[in-house]
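**Q** The number in the working numbering is simply the position in the sequence shown, starting from 1, with 7 added.
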Amino acid sequence: VQQIEVTLYTGERFEASFIGADKLMDVAILKIDASNLKPIKFCDYENLKVGQLVVAIGNPLGLPGGPTVTIGVISALNRTLQTPRGIMSRIIQTDAAINPGNSGGPLINMKAEMVGMSTAIVPFAQGIGFAVPSDTVRRIFEDIRVYGLARPWIGIAGIDLNRAIASYYGISFMRGVLVVSVFENGPAFKAGIRPGDVILRIDEFNISSMDDITRSLRGKRIGDVVELSIGRASKVFRALVKLEAQPSF
Numbered sequence: 008v009q010q011i012e013v014t015l016y017t018g019e020r021f022e023a024s025f026i027g028a029d030k031l032m033d034v035a036i037l038k039i040d041a042s043n044l045k046p047i048k049f050c051d052y053e054n055l056k057v058g059q060l061v062v063a064i065g066n067p068l069g070l071p072g073g074p075t076v077t078i079g080v081i082s083a084l085n086r087t088l089q090t091p092r093g094i095m096s097r098i099i100q101t102d103a104a105i106n107p108g109n110s111g112g113p114l115i116n117m118k119a120e121m122v123g124m125s126t127a128i129v130p131f132a133q134g135i136g137f138a139v140p141s142d143t144v145r146r147i148f149e150d151i152r153v154y155g156l157a158r159p160w161i162g163i164a165g166i167d168l169n170r171a172i173a174s175y176y177g178i179s180f181m182r183g184v185l186v187v188s189v190f191e192n193g194p195a196f197k198a199g200i201r202p203g204d205v206i207l208r209i210d211e212f213n214i215s216s217m218d219d220i221t222r223s224l225r226g227k228r229i230g231d232v233v234e235l236s237i238g239r240a241s242k243v244f245r246a247l248v249k250l251e252a253q254p255s256f
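#1: Expressed to the nearest angstrom, what Euclidean distance is found between the alpha-carbon atoms of MET181 and ALA23?
#2: For GLY112, which residues from the same chain have a beta carbon less than 6 Å from its beta carbon, with the 5 sequence-adjacent residues on both sides left out?
#3: Using only the alpha-carbon positions, how far apart do SER241 and ASP167 sit?
#4: Please report the distance separating the alpha-carbon of GLY177 from that of ALA171.
#5: I'd like the ranges of any beta strand (DSSP E) spanning at least 3 consecutive residues and lying wholly in the stretch 72–145.
#6: Which word fits GLU251, buried or exposed, when buried means at least 16 other C-beta atoms lie within 10 angstroms of its C-beta?
#7: Smallest Cα separation from ILE151: which of THR17, LEU114, GLN253?
#8: What's the gap between the Cα of LYS38 and the Cα of GLY108?
#9: Among the candidates TRP160, GLY199, ASP204, VAL243, whose CA atom is the shortest distance from the CA of ASP231?
#10: Given a threshold of 16 other Cβ atoms within 10 Å of its Cβ, counted over all protein chains shown, does ALA119 qualify as buried or as exposed?
#11: I'd like to confirm the pairing. Which residues does DSSP put opposite ALA164 in its beta bridges?
Structure follows, in structure tokens:
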């Protein structure tokens with residue numbers, strides 16, 4: 008990583024240390040040596056509603072003169088995006104203008120709470136902006152803090168399963184994580200898990216969301232084996248998955 012400089016709204020500049028990144032989710036963690044900083048408050052994903060007003064702040068195209076502010080609404084929740092790096096799930100969609108250079112800027116509500124971190128990882132989307140939810144950003148920070156750059160990984164991308172999705176695709180299970188893609192030769196692939204399967208349980212944890220999968224892996228180490236309950240068609244089977252280090256993509 009090249010030398011990184013952070014400029015505060017006061018104009019103060021600090022040299023930043025790179026702590027880690029989740030390239031798939033377009034999130035990096037930086038650290039500066041500064042005091043008396045007031046962190047932004049986070050808004051939980053569960054409190055977001057379609058139609059809610061939001062403001063995007065960023066520096067699109069690297070233009071001089073300070074940050075740019077755009078306003079819009081939350082257009083949709085729980086979007087799944089196919090990107091060159093893989094599948095991003097549980098994404099916020101907004102009509103607030105988000106362009107290259109906005110990535111990393113906050114998407115905030117009318118209470119000045121951060122609802123997400125803007126991403127311009129889908130460069131050809133017209134009139135559509137996307138943001139990584141703030142609780143996902145918090146989870147990425149905690150994972151990097153606990154595990155460092157090498158984090159345990161099962162090697163799937165999925166979406167939270169609900170009754171509407173299950174009905175649309177004719178799935179027998181009403182909750183869980185629907186596996187959208189499996190990374191070839193990754194841990195889940197080696198255990199026989201395939202797209203279309205539903206993850207119902209990991210060890211003692213019932214699974215209803217991708218965040219549940221993340222929580223179930225906390226405290227696990229690379230090389231540990233976890234037991235997954237997998238729904239396929241109308242049957243449930245057990246799969247033993249040996250955790251590997253998440254690649255940098």
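By construction, the Cβ of each residue, glycine as well, lies at the ideal position given by its N, Cα and C atoms. Everything numeric in this text was worked out from a predicted model, so none of it was measured.
**A** Based on what the coordinates show:
#1: Distance between MET181 and ALA23, taken at the CA atoms: about 45 Å.
#2: Cβ neighbours of GLY112 beyond the five flanking positions: ILE64, GLY65, SER125.
#3: Whole-angstrom Cα-Cα distance: 18 Å.
#4: Computed Cα separation, rounded: 10 Å.
#5: Counting whole runs of 3 or more residues, the stretch 72–145 contains the beta strand (DSSP E) stretches 75–90, 93–101, 113–115, 121–126, 136–140.
#6: Around the beta-carbon of GLU251, 16 or more other beta-carbon atoms lie within 10 Å, marking it buried.
#7: The residue with the shortest Cα to Cα distance from ILE151 is GLN253.
#8: Approximately 20 Å, taken between the alpha carbons.
#9: The candidate whose alpha carbon is nearest that of ASP231 is TRP160.
#10: Exposed, because fewer than 16 other Cβ atoms sit within 10 Å of the Cβ of ALA119.
#11: Beta-bridge analysis with DSSP links ALA164 to SER188.
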